[in-house]
Structure formats: structure tokens, C-alpha cells
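Colleague:
Protein chains: 2
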Amino acid sequence: MGKLLYVCCIMLLLLQAGLASKTRHFKWEVGYMYASPDCEEKILLGINGQFPGPTVRAKAGDTIHVELKNALHTEGVVIHWHGIRQYGTPWADGTASISQCAINPEETFIYRFQVDKAGTYFYHGHYGMQRAAGLYGSLIVEVADGEEELFHYDGEFNLLLSDWYHQSIYDQMVGLSSKPFRWIGEPQSLLINGRGQYNCSLAAHLMEGSSACKLTSKDCAPVVLRVLPGKTYRLRVASTTSLSSLNLAIGNHKMMVVEADGNYVEPFIVDDMDIYSGESYSVLITTDQNPSSNYWLSVGVRGRKPNTQPALAIVSYQPNSPSKLPESSPPVTPKWNDYNHSKSFSYKILARQGTPKPPSYADRQIALLNTQNKINGYIKWSINNISLALPPTPYLGSMRYRLKNAFDTSKPPENFPSDYDVMKPPKNPSSAQSSNAYVIQFNSTVDVILQNANALADNVSEIHPWHLHGHDFWVLGYGDGRFEEKDDSKFNLENPPLRNTVVIFPYGWTAIRFVADNPGVWAFHCHIEPHLHMGMGVIFAEGVDHVRRIPKEAITCGMTGKMLMNNNLP
Amino acid sequence: MGKLLYVCCIMLLLLQAGLASKTRHFKWEVGYMYASPDCEEKILLGINGQFPGPTVRAKAGDTIHVELKNALHTEGVVIHWHGIRQYGTPWADGTASISQCAINPEETFIYRFQVDKAGTYFYHGHYGMQRAAGLYGSLIVEVADGEEELFHYDGEFNLLLSDWYHQSIYDQMVGLSSKPFRWIGEPQSLLINGRGQYNCSLAAHLMEGSSACKLTSKDCAPVVLRVLPGKTYRLRVASTTSLSSLNLAIGNHKMMVVEADGNYVEPFIVDDMDIYSGESYSVLITTDQNPSSNYWLSVGVRGRKPNTQPALAIVSYQPNSPSKLPESSPPVTPKWNDYNHSKSFSYKILARQGTPKPPSYADRQIALLNTQNKINGYIKWSINNISLALPPTPYLGSMRYRLKNAFDTSKPPENFPSDYDVMKPPKNPSSAQSSNAYVIQFNSTVDVILQNANALADNVSEIHPWHLHGHDFWVLGYGDGRFEEKDDSKFNLENPPLRNTVVIFPYGWTAIRFVADNPGVWAFHCHIEPHLHMGMGVIFAEGVDHVRRIPKEAITCGMTGKMLMNNNLP
């Protein structure tokens, strides 16, 4: 009787969930279009003629169904749903050469997956450097009907941050793959929701040495956040920059950080926040300032010597005119190389009570040394001396169907030489390209130590935001210098935040833990677009035998394509 | 006994041919590279790091075997072997959406076909506008061993002409597909063997109003033809321009035209020659001028008001220094709109004795009216009011395997309204896009009347060079104004030249005849790259049931790909 009641209850709950959750349909076409995101006209990748792409809004538990038509003339395309774990749908992760074959021109591919967790996400191209060509948009998952957020707010704004280059991605890719190497340099502009102003400042009249912007197109009109006095607003902030690490601040207003990468964090208050490519945050602001003024929201570059003007938006107290420029200067971005400021922010991010805790120990520890290398004179990034070269046949299919020779099956190293000096350029900068993958025991717990080091030049070590597909991970700790065994003891197992992206600071290490409970093949890589292009990533494969249906459309290329044609489906 | 002898003879001949003819192997990679073809550095499509691509040299009867690897990051690629008829190998014609699926990045496709006829040919990309991005090279077929050319020469030079834009093909394609329409304009430079000089002249010191060139890169050094006095040279000249109609002349030297599009023509002598995109010629020059001088070879624009400097090369009499600039000014290109000059040249081209004659009557006559139109506000080119929109599944596969719904199976019109006034803009400029095809009875003889007309603007009618794949055709005649039934009687059936490309003059018509004896699906289109992009072409399908093997690799996309996967191969 008790058992029957229990089953009934479960069924009722499922039914309710079934009734509440929806399938949200989208019909998209990816194509090039003209736009003037920073007042200079260029072509960029848009969706349905929009840049950034349409914002997807859903509720936790909903199913997203996107019919994606490739309307490009000669290029393939995929879309990655950044932060969505894709439980049961690893083929929908949208990573070319990893989870699927690129969609050919004129073809349509259906992404169908569940968004199981409320939070601030985004989506973007994951083929070549198409993200940097403008292929991105926001993906907002609200709490399920009947559920409530853990914090109150009266309204929300969505800010998708990016950086923008005037050089085409084709030019960029050729330069990065050339000998001598040509670096893409700093972006021409920073964009907020796809809008910025090139080589000028909206606040030029308040700042020395800045030239005033000529807003030559509505595409580059400043973003305005119209608020009412005395209210609380949620700002959803995500960064899909190609290169830049950013800092965001609002004149006179403090921000309370409440969410990071779709996970609640213990609220804390800051004057400014760092945000790295691949990260997302929610912050609450209270409109408790003089309501007769408007205020600047400023986004500037950190971690690299900036050569790009900060992007500005206007927080406009109603009924002020939105075009009324704020009277005080925009907040000044902290000094680019004040890493203590950055660390202080990152270290404050801790899990909110109620967040699942990590298993208390790991089954395996993988140490990944990030180095800059030269392969036959070409500059690359390597992980444990291997620079990732993606294979023509996506791993998910070739692993699932156990195809031979689809990728390098050698085991990538678990560690790096104990005498490697992370404070100096590599003694022997040579390295090798490979497509090999870390095969991880299904349901095991893995620690990854991301170890930063000196690049090729003396006294250079850069910030790298690492993003894991298919999972959230716990950030157990950060440290300076080389990770040592005894550092384990300092791991935070009490309230480590859950994230999908985490940064490694110059010359430092970051330790993360995750449970390999999601059958599929998942990229783990630096989210800086040119760094990934230069090989800065690894592949994790877990429980691939448990992957059930892979749509044929996802595996029509390379050796899986040949397999399908020969009808050798196991 | 007589019969046995006959069979033996045939076998001996075949054996001999077999011994003499070779398979010529090439291993190519297509990728972007930096180059400064006109002294301004850009990225362009090269093959094995070369631009233009490597010259293919073979002898008639040889088999060409090209392993083509696509080393682009996100784009497909194909290569069309322009002028090669591809008897028995229609899948090797290299036309995306027509003869094959585009080759995906990292994939290799093998083109294997016979070059059965000596002549001057070339190859180029035939996907999107990749030809205009630099994907082209020369293909020279010499007479078979033991055979002799019909004319004597002491040496030969190969000149592949092209035009060059600084704007990327992506920018160009977006502009052409935009509302409002953005025309690509005139090219920045003309190139001879991939070399030109932007916005300057090598002969500036001899000409008013020209600025001298700074040769900032060896890529843009002038082409030099080093000759000996008192000799005869064959110049092989082909044009793969994106837009420009060209005229070539050499100071002080006359040219004897002997070959057109791989067919001998009755020799005739000219001071200058027109050459349209898609055409090739051989001309003989005799080095009978003052040997102490060098001479300019000049290539200028015709048919559109030029805004591009002529390209110059130097004919250098040995032992003069090749860098010794000619003392006299370069030949002046005839006035761009002197169409009588152009017609006079075209009308002189007649078949050399011994050239196969056309059948004396046609089984079918198709009249193709070329008009500029507007479809939903987008400017397009249409043929009998249909603007060609290629389907995702290449015709060759979908027709061969009789797939349903792979393309529009409606019959395109055989003619156009009898009251259409070709001298005026279209009364109703609207039109429709379609993928429908002309299905032609195998082995039947077809006449096509290409009818030019006024474009959208008053008093504008442009030159269009039409290129037929898979065949040579006889050029039966040209006329001004609208073609009328009685014009049949003026057809030249005696010595019409065989060509694969022919021009229609403004407001005029051109009549061609061909025998549909080559099983396959063949594009027939304006060879101007942006015009084809805007829909200016038709599809001819003939004897598709007779097509034997199609390599699977050619049909892995679209509906044929699905068919292969479902193993529904008939």
C-alpha cells in the first residue's frame, strides 16, 4: 500500500512536470549579413538576419528544438549550447569533429535537448573560428513553473559581452597558421549585446584623450538599461569574447553576485566584476542612487595590455531621457595586470548552501600543463606537450562504433615531467600534434589540475579560461606556481562552486573535480578562440558504450559516413 | 582473313595508345595562403601553397589523377576541369550541386579523367565564388606522342589571365545577395599568371596620368617572356576572370590565332585579340622586330567602362636584360564599347579544315532569353524568366538514382514570349528561382539560341560569355537584335568553329549546336562569376541512365547521401 502510494506520487510528479515543461521550437538560418556592430560596416554571421542571434528563453525542464539551416554558400556550421550538459543527447553538443559532422550548406540539422537547470547560458559556433565571426546569442533558462528563484528582483537585463575584430576570421586563421606566425592582436572593439563603438568613447567629453563617437548606424547605438528608482534588477552577464578577459562595473552602483555559469553562489558584493570568455554571471543591482542622473555601465579589458576602448552602456533611471549622458565619468577598469584584484574576485565565488557537494575523493588525477610551443616552426599551444588536432571523423561516432584509425588512440599523458620549470620558457619548445583522447571510466570522479606556465617569451604567462563540455565541475582551489602534491590538502570540499568555465592565472594552477556521469565525448579547452585554433584543448570520452541513439545526420561525414554507406552499423 | 587483320590492327593501335598514354598523378591541397598578386597582400586560395595552382601538363590520351585534399578549415571545395569533356566520367566535372558533393574539410577526393584532345585548358573552383578567390590554374594538353601540331613553333608561353578584387569573396557574395543589391564593381587589378600591379603602371614613365608601381613583393613582379629573335612562339592564353572581358595585344607584333578552346581554327592575323572569361586561345607570334628592344604585352578591359589599369608583361628579346623596359608605350586597348571591333574578332573565328562538321539539322531548338530581374526585391539574372538556384543534392546522383523531390522537376521553357522586346528593360521584372533542368534526348542534336536583352536599367545590355560543360559546340552564327526564325537560314554549317565558351553581344543573339552524346548532367552558364551566383545558368541532363559507376564519394551529401546510408542503392 505504501509502495503503491509512492509510485502514484512519483507518477503524479512526472505528469505534472510533463504538463509544465514545454518543447520550444525554433527555426533558424545561419548566414552572412551586413552589420555595423561598432559603427564600422562589416559582414558577420547572423541567425535569421539578426546579430547577435535570437535570445532563447525557456524554463528548466523544457526541451529546446532548433531546426538549424545552414544558409552559408560554401561553409559548414554547428552550434554549441554553452553550459547545457546534454545528458542523453551528446550528439547535440554542437562541436564539429567531436560531437557531430558540420552541417553542410543548404542542409538542416535538428538540435533537440533538455535544459534541465535554470541559469544564464549562451550558444555559439564551434567550427573553425565562426564564433569570432559573430555566431552567438543568449540562452536564458528560467526556473520551472511553480519554482522560485533564491533571490528577489523586480526586473532583469541580459548583457552578452563579446569582442570584435575588423579582420575576417579567414584572415585571422591564415595568420595563426602561418610561418612566421601572425597574431590577431587586440580586438578593435568590445560589444555589449552586439553593440559597440570603434576607436571612440561615448563619454569622450568626460575623459581626456578620447574622441567622441559618431553613431553612423543604429546597429551601434549604445545599450540602455531603463530602470525605475528603488528597485532591484538582475543583470545576466555572459562573455563570448574571442580573446579578451573583461571587467564590468556600473558607476555608483554595487553589484551582488548570485549566479555563476548556471549555478547559485553564495551572494557577495563587489564594485566591479571580472568575466572571462565562456563564463556567465547574474548580479543584482539596486537602483538606490540619485534618480535624476543616468549612470555608465563600463566593460574594459583585463589580463592583456589593452588596446581597445571600454564598451559603455547607460543605466537610465526613468523618467530620465535614455539619451541623457551620465554626468560623471565611467568607472575605470582596474589595471590590466593587477592579478591580485582578479584573484580576489575569483576566490570569493563559493557555492550557495544547498549546492551538491563533490565526492570526497577522486578516482583519478590528471595534471594538464599548458605550454606554448613550436611545431616545425609553427606556434601552437600544447597540453602535456600535445597540441590538439581534431580528426575529420567526429569522436562521438567513431568511438561509439569502435572504428579503427579514426583518431590517434595513443594515451595522452596523465602528468608532465616533475622537473618542468613553469616559471621559465620551455627548454625544448618542440611538441607534437595529436587527436588522442582521455578515456575516462564511466561514473568515476576525476580531478584535473590545470597548470599554467611561462609562454615562449620570457616573463610572459597568460590567462586561460578553460571550459568543460557536458558537465559542471567543482572548483577545488587555485594556487600560484607549480601544483604540488601537498596542495591537495588545501582543496575546498565544503563549498566549492560549480562551474563550467574556470580560469588559470599566470604561473598558477587551478584544481577542478567532476563526475564522469554523462556518456559522450566532451571537449575541455581554453575558451580563447585563437588558442583553441592553435591546439589548446583536450578530449574527454566517458561511457561512450552507453550512448544510445546518435542521429544519422550527426555522423554523415568521414569514416562514420563511410560506415553508414556500407551499412556496417553494428 | 581481312576481318582478322582488321581486328589485329585495331588491337595494335590500342596497345600502342596504351603504351604511349600515361596516368599523371597529382597530390594537391587547397588552402588559404598569403600572397600579394598585385603588390597588395591578401589571403587567397592556393594549391600546395602556390598561386595560381600548379600547371598540369599532359598529352592527349593521358589520364589525369588528382588526389585533392581540402585543407580549408570550414569550407567545402571542388575543382572543375574547364574544357575537358569528361566522357564517361561526368562525376569528375567538379561542379558542386551538379556533378558532385563538395569535398568537406580534411577530406580527399580523387578526380580521375582522360584528356582526349590536345589544347589549352584550365581548371578552377566551381563552388560559391571560390574561383574569384584565386582557385585556378592551367591545364595544357599536348598532342599525343607521334602526332604533330598543325603549325610550327619554336617555343611556347602560357598566359593565364584573371582579374582580382581586394574585397573577400564572402563580402562579395553578401553584397550580391543583399537588398539593396551591392555590385562588386570593377576589379582592382588584372593579373597575368597571377601577377599584376594595383593602381599603377609599369609603363608610367611612358604614359600620362599613370603612377609608377612599387614592386613590394616578388609575387607581383612582371611576367617576362624571354624570346630569341627570328623565331615563332606559341602563346597559350586563357581567361578565368571573375568579371572582365579582356583584350590582349603586343607592341609591334601581330598575332596569328590558331586555336580556340582546344580546337584548331582557320589561322587569321590580328593586332589585338579579345578574350572572354572561360575562353582560351593559342596565337603564334614571330619575333621579327628590332631585337635591341623589349616590347610590352598589354591586357586591358573591354565591354564595361574600365576602372582597372591594364596588366603589362614584357616580351624580352634575348640577350636584352629582361628588366629593360620597352621604349615605346604599351598598345592601347580598343575602346571598351567598340563592339564592332569585338564582333569583327569573333566573326573571324572559323573551324580549321578537318574539324568535324555539325549535323545538318537539329532535333530540338531551345531559345534562352537572358534577362536581369528582381525577385522579392533581390536582383537576379534569369533565363526564360527562371533564375537558377542549385539544389543541395547534386543532380547527377539524384537523376541517376531517380530520387524524388531532389530538385524542381517542372520543365523549363523552350522559348520566351514572342512579344518580348529585347531592346527595352523587362516590362515586368519579376521572375522565379528554380532548380529545374532541361532533359535532353541522348544522342540528339540541340540548337540553343542565346538571346541577349536589355538589363533592368535603360540602354544597358552586357556581354555574357556562356560556357557549356561536357561538350564542345559549334557556333553557327551571331546576330543583332532579336533572333528570328528566318535567321536559321544564315547559320554557318560549313566551317563553324567548335568551342566550349561563346559570347553574346549586347542586344544580340548567338546560335550554337551540340550533340548530346555525353551521359551526364552539365551546367551551361554565364562564366562571369557574380552572374552565375545571381542565377545565370541552366542545367542540361542527357543519357543519365547510361551513366555507369558514380564514386560514392561524389554523392555523400543531401538525398543521395541519405540513400547510400539507407543502402537503397537501386
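Here the protein sequences line up with chains A and B, keeping their order.
Quick note on numbering: UniProt numbering labels position 312 of the first sequence as 312, and the sequence is numbered without any gaps.
Quick note on numbering: UniProt numbering labels position 422 of the second sequence as 422, and the sequence is numbered without any gaps.
Ideal Cβ placement from N, Cα and C applies to all residues, glycine included.
1) Can you tell me whether DSSP reads B/N337 as helix, strand or coil?
2) To the nearest angstrom, how far is it from the Cα of A/A238 to the Cα of A/N428?
3) Could you check if A/V544 is buried or exposed, using at least 16 other CB atoms within 10 Å of its CB as the buried criterion?
4) So the candidates are A/W336, A/R182 and A/I275; which of them puts its Cα closest to the Cα of A/P306?
5) Is B/W183 helix, strand or coil by DSSP?
6) Out of B/I184, B/H531 and B/R236, state which residue places its alpha-carbon closest to the alpha-carbon of B/C155.
7) Quick one: grab the DSSP three-state call for A/I169.
8) Per the DSSP calculation, A/N263 is bridged to which residue(s)?
9) Do three or more CB pairs link the stretch 396-403 of chain B to the stretch 374-381 of chain B at distances below 8 Å?
10) Provide the residue span of the alpha helix (DSSP H) that contains A/Y395, from first to last.
11) From A/Y87 to B/E542, what distance separates their C-alpha atoms?
12) Using three-state DSSP, classify A/M565 as helix, strand or coil.
13) Can you find the residues in the same chain that come closer than 7 Å, C-beta to C-beta, to B/E40, ignoring five residues on each side of it along the sequence?
14) So, is the C-beta of A/S239 closer than 8 Å to a C-beta in chain B?
15) Scan the stretch 161-181 of chain B for residues whose Cβ lies nearer than 9 Å to a Cβ of chain A and list them as they occur along the chain.
16) Looking only at C-alpha atoms, which of A/V315, A/L450, A/L468 and A/T63 sits nearest to A/G481?
17) Whole angstroms is fine: what's the gap from A/V258's alpha carbon to A/K348's?
18) Around the Cβ of B/D261, are there at least 16 other Cβ atoms within 10 angstroms (buried) or fewer (exposed)?
19) First and last residue of the beta strand (DSSP E) that includes B/L369?
20) Which of the residues in the stretch 133-148 of chain A, read from start to end, lie with their CB under 7 Å from any CB of chain B?
21) Going by the DSSP bridge assignment, what does A/E208 pair with across the sheet?
22) Excluding five sequence neighbours on each side, which residues of the same chain lie with their C-beta closer than 6 Å to the C-beta of A/L139?
23) Indicate the three-state DSSP secondary structure (helix, strand or coil) for A/K533 in the structure shown.
24) Grouping DSSP H, G and I as helix and E and B as strand, with all else coil, what is A/V141?
25) Between the Cα of B/H525 and the Cα atoms of B/H205, B/H469 and B/N459, which residue gives the shortest distance?
26) Is B/G230 buried or exposed, if buried means 16 or more other CB atoms sit within 10 Å of its CB?
27) I'd like the list of long-range same chain contacts for B/G196, defined as Cβ closer than 7 Å, with 5 residues on each side in sequence excluded.
28) Starting from B/G479, trace the beta strand (DSSP E) in both directions and tell me its first and last residue.
29) Rounded to whole angstroms, what's the CA-CA distance from B/Q289 to B/R226? Just pull it up for me.
30) Measuring only between beta-carbons, confirm whether B/P551 sits less than 8 Å from chain A.
31) Give a yes or no on whether the C-beta atoms belonging to B/P530 and B/L350 are separated by under 8 Å.
32) Counting only the same chain and skipping the five closest in sequence on each side, list residues whose C-beta sits under 8 Å from that of A/N518.
33) Would you call the stretch 50-69 of chain A in contact with the stretch 105-114 of chain A, where contact means no fewer than 3 C-beta pairs closer than 8 Å?
34) Could you name the residues that DSSP lists as bridge partners for A/A96?
35) Using DSSP with H/G/I as helix, E/B as strand and the rest coil, what is A/L176?
36) Any beta-carbon of chain B closer than 8 Å to the one on A/T74?
Modeller: This is what the structure gives:
1) The residue you call residue 337 of chain B lines up with position 337 of the second sequence. Of the three classes helix, strand and coil, the one that applies to B/N337 here is coil, per DSSP.
2) Stepping through the first sequence from its first residue, residue 238 of chain A is reached at position 238. Stepping through the first sequence from its first residue, residue 428 of chain A is reached at position 428. Going by the C-alpha atoms only, they are around 38 Å apart.
3) Within the first sequence, residue 544 of chain A is the residue found at index 544, counting from 1. By the 10 Å Cβ count, A/V544 comes out buried.
4) Position 306 of the first sequence, counted from the first residue, corresponds to residue 306 of chain A. For A/P306, the nearest C-alpha among the options comes from A/W336.
5) Taking the first residue of the second sequence as position 1, residue 183 of chain B is located at position 183. DSSP places B/W183 in coil when its eight states are reduced to three.
6) For this step, residue 155 of chain B is matched to residue 155 along the second sequence. Correcting the residue type first, residue 155 of chain B is Gly in the shown sequence and not Cys. Ranking B/I184, B/H531 and B/R236 by Cα distance to B/G155 puts B/R236 first.
7) Residue mapping note: residue 169 of chain A aligns to position 169 of the first sequence, counting from 1. In this structure, A/I169 counts as helix in the three-state DSSP scheme.
8) As a working note, residue 263 of chain A is residue 263 in the first sequence. Beta-bridge pairing links A/N263 to A/A260.
9) no
10) Start at 1 with the first residue of the first sequence, and residue 395 of chain A comes out as number 395. That run of the alpha helix (DSSP H) goes Y395 to R400.
11) Reading the first sequence from its first residue, position 87 is the one you call residue 87 of chain A. Reading the second sequence from its first residue, position 542 is the one you call residue 542 of chain B. Going by the C-alpha atoms only, they are around 50 Å apart.
12) Counted from its first residue, the first sequence places residue 565 of chain A at position 565. In the structure shown, A/M565 sits in a helix (DSSP, three-state: H, G or I).
13) As a working mapping, residue 40 of chain B is identified with position 40 in the second sequence. These residues qualify, in order along the chain: H166 and Y198.
14) Taking the first residue of the first sequence as position 1, residue 239 of chain A is located at position 239. It does not; no Cβ of chain B falls within 8 Å.
15) S168, I169, Y170, D171, M173, V174, G175, S177 and S178
16) Sequence index remark: in the first sequence, residue 481 of chain A carries index 481 (1-based). If we check each option's Cα against that of A/G481, A/L450 comes out closest.
17) Along the first sequence, read from residue 1 onward, the residue named residue 258 of chain A stands at position 258. Along the first sequence, read from residue 1 onward, the residue named residue 348 of chain A stands at position 348. Looking at the two C-alpha atoms, the distance is approximately 11 Å.
18) The sequence position of residue 261 of chain B within the second sequence is 261, counting from 1. Buried is the call here.
19) To locate residue 369 of chain B, count along the second sequence from 1; it is residue 369. First-last of the beta strand (DSSP E) with B/L369: R364 to I375.
20) none
21) In the first sequence, the residue the question calls residue 208 of chain A occupies position 208. DSSP, once it has assigned bridges, lists no residue as partnering A/E208.
22) Taking the first residue of the first sequence as position 1, residue 139 of chain A is located at position 139. Excluding positions up to five away in sequence, the list reads V56, Y121, F122 and Y123.
23) By one-based count along the first sequence, residue 533 of chain A stands at place 533. The sequence given here places His at residue 533 of chain A; Lys does not occur at that position. In the structure shown, A/H533 sits in a helix (DSSP, three-state: H, G or I).
24) On the first sequence, position 141 is the one that residue 141 of chain A refers to. If DSSP states are grouped into helix, strand and coil, A/V141 belongs with the strands.
25) In the second sequence, counting from the first residue as 1, residue 525 of chain B sits at position 525. It is B/H469 whose Cα lies nearest to the Cα of B/H525.
26) Locating residue 230 of chain B in the second sequence gives position 230, counting from the first residue. Per the 10 Å Cβ criterion, exposed.
27) By one-based count along the second sequence, residue 196 of chain B stands at place 196. Contacts found: P37, D38, W164, S189, L190, C220 and A311.
28) Residue 479 of chain B sits at position 479 when you count from the first residue of the second sequence. Taken as a continuous stretch (DSSP letters only), the beta strand (DSSP E) holding B/G479 covers F473 to D480.
29) Translated into positions along the second sequence, residue 289 of chain B becomes position 289. Translated into positions along the second sequence, residue 226 of chain B becomes position 226. For B/Q289 and B/R226, the distance between alpha carbons rounds to 14 Å.
30) For this step, residue 551 of chain B is matched to residue 551 along the second sequence. No, its Cβ sits nowhere closer than 8 Å to a Cβ of chain A.
31) Taking the second sequence and counting its residues from 1, the one referred to as residue 530 of chain B is at position 530. Taking the second sequence and counting its residues from 1, the one referred to as residue 350 of chain B is at position 350. In this structure, B/L350 does not lie closer than 8 Å to B/P530 by Cβ.
32) Numbered from its first residue, the first sequence carries residue 518 of chain A at position 518. The residues are R85, Q86, Y87, P90, G470, H471, E542 and G543.
33) yes
34) On the first sequence, residue 96 of chain A is found 96 positions in, with the first residue counted as 1. Paired residues: A/Q100.
35) In the first sequence, counting from the first residue as 1, residue 176 of chain A sits at position 176. Looking at A/L176 - three-state DSSP - the assignment turns out to be helix.
36) In the first sequence, residue 74 of chain A corresponds to position 74, counting from 1. Yes, A/T74 lies at the interface with chain B (some Cβ there is under 8 Å from its Cβ).
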